[in-house]
Amino acid sequence: MLEQYRIADFLEWYEEKKLKLNPDFQRGSVWTPPARNFLIDTILRDLPIPKIYLRTVVDIQTKTSIREVVDGQQRLRTIIDFAQDKFTLSKRAEEFYGLKYSTLSSDYQEAFLSYPIAVDQLLNATDDEVLEVFARLNSYSVQLNSPEKRHARFQGEFKWSIRRTSVKWKILWDKYGIITVRQRVRMLDDSLVSEMYGVLLEGVTDGGQTKIDSLYRKYDSTFEKDCETIRNVDKVLSFIVENFADYIIETPLLNAPHFLMLFAAVAHALIGIPQGSLKTLPDASEIPLLDIEVSRENLLKLASIIESDQEPDDLIEFWGASKSSTQRISSRKFRFPIFYKALLPTPI
């Protein structure tokens, strides 16, 4: 039975000992401080959180109800702790930084207490019935993919910078369709943006989810907000959108694997990137991006080669690499130099 209750209701039940947070089938309190901070920030911004599952046991003798938390213990424990001033919001909460419940404005306190939480109640259900419900729910659930697992596991500045960049540059997804709406639901926009960060930090290397995982492990705890890498990502994307995106729209260059190599080429032309897994970086004897019109024509030629099913007369290695696994360095080592060459003031 689906209902809605306010946070104030949960706090009242807890004070009256009518809410049990730790039945046998629940885990202990394991959420990290960043995860707790993010939940309260979400509530204060009046954004939705997942629903809670309760087993409600009605005692007909005492005419009272006891609610056991079947799923959602960590969320409710965080909400109760915040209401009891047991932790302070971190910098991640931005304008709420340094605040506890007691130091929120009265308007925000009221909004917090009035925040509605969706609840599925399992009335007088046995343990077996509860387990059966969750077995059926889990049988229809979608397994988390790699980007979703990373978003759950990592809570440092590297992850949040990538998320902010994904949101800031939504024109890439909304207008140019580099990542589809369905892919964005599964956070594949974050995957592509993280590879852009990787290009600036480590150069052109092997790609794929395993490599992205290693980037998160390496930088998540040491990355700094508003650092040069973030500014350089914005600089490169601004240049591409202003000078190339409308000219290559509806071409394969706006497919994620090829766009990443275009990003890498423009990044090297504008600011330089590390050598990465390449034996050498392109020769700098010619200055790139001197003639944008020539570069546009060159990029359109690359697009036509990628689209072609027949082996071209020239750039055969580029054509073959574009047909193979585009995540591997064995493909990227051929494609990246050609993308960079397309930015030179000479027709290819």
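67 is the number of the first residue of the sequence shown in the working numbering; add one for each residue after it.
Think of the CB as a built atom: it goes at the ideal place given N, C-alpha and C, for glycine as much as any other residue.
- Two segments are said to touch when three or more pairs of C-beta atoms, one from each, lie closer than 8 angstroms; by this definition the stretch 147 to 155 touches the stretch 101 to 121.
- The beta carbon of Lys-234 is closer than 6 angstroms to none in its chain, skipping five residues each way along the sequence.
- Secondary structure of Val-265 (DSSP, three-state): helix.
- For the options Gln-150, Ala-184 and Glu-198, the alpha carbon positioned closest to that of Gln-175 is the one of Gln-150.
- Cα atoms of Tyr-167 and Gln-140: separation of roughly 18 angstroms, rounded to the nearest angstrom.
- In the DSSP annotation of this structure, the continuous segment of the beta strand (DSSP E) that includes Glu-134 starts and ends at 130 to 137.
- Judged by DSSP in its simplified three-state form, Thr-346 adopts coil rather than helix or strand.
- Pairwise C-beta distances place the stretch 224 to 232 in contact with the stretch 287 to 304, as three or more of them are shorter than 8 angstroms.
- For the pair of segments examined, the stretch 275 to 295 was found not to touch the stretch 352 to 365: the number of CB pairs separated by less than 8 angstroms stays below three.
- For Tyr-119, the uninterrupted beta strand (DSSP E) segment begins and ends at 118 to 125.
- Contact check for Ser-131 and Lys-86: beta-carbon distance about 11 angstroms, past the 8 angstroms limit, so the pair fails to qualify.
- The Cβ atoms of Phe-162 and Leu-258 lie no closer than 9 angstroms to each other.
- Here Gly-338 is not near Thr-271, since their CB atoms are 9 angstroms or more apart.
- Shown here, Arg-72 sits in a strand according to DSSP, grouped into three states.
- In the DSSP assignment, Val-185 falls outside any alpha helix (DSSP H) and lies within the beta strand (DSSP E) extending over 182 to 189.
- Secondary structure note for Leu-328: its alpha helix (DSSP H) is the uninterrupted segment 322 to 336.
- A distance of 9 angstroms or more separates the beta carbons of Leu-336 and Gly-243.
- For Lys-291, DSSP records no beta bridge to any residue.
- Note: Lys-86 is bridge-paired with Glu-134 in the DSSP secondary-structure output.
- Where Arg-111 is concerned, there is no enclosing alpha helix (DSSP H), because DSSP gives it neither an H nor an E.
- Assignment of Gly-386 by DSSP, reduced to helix, strand and coil, places it in the helix class.
- Taking a contact as a CB-CB distance under 8 angstroms, the pair Pro-413 and Glu-373 does not count as one, their CB atoms being some 19 angstroms apart.
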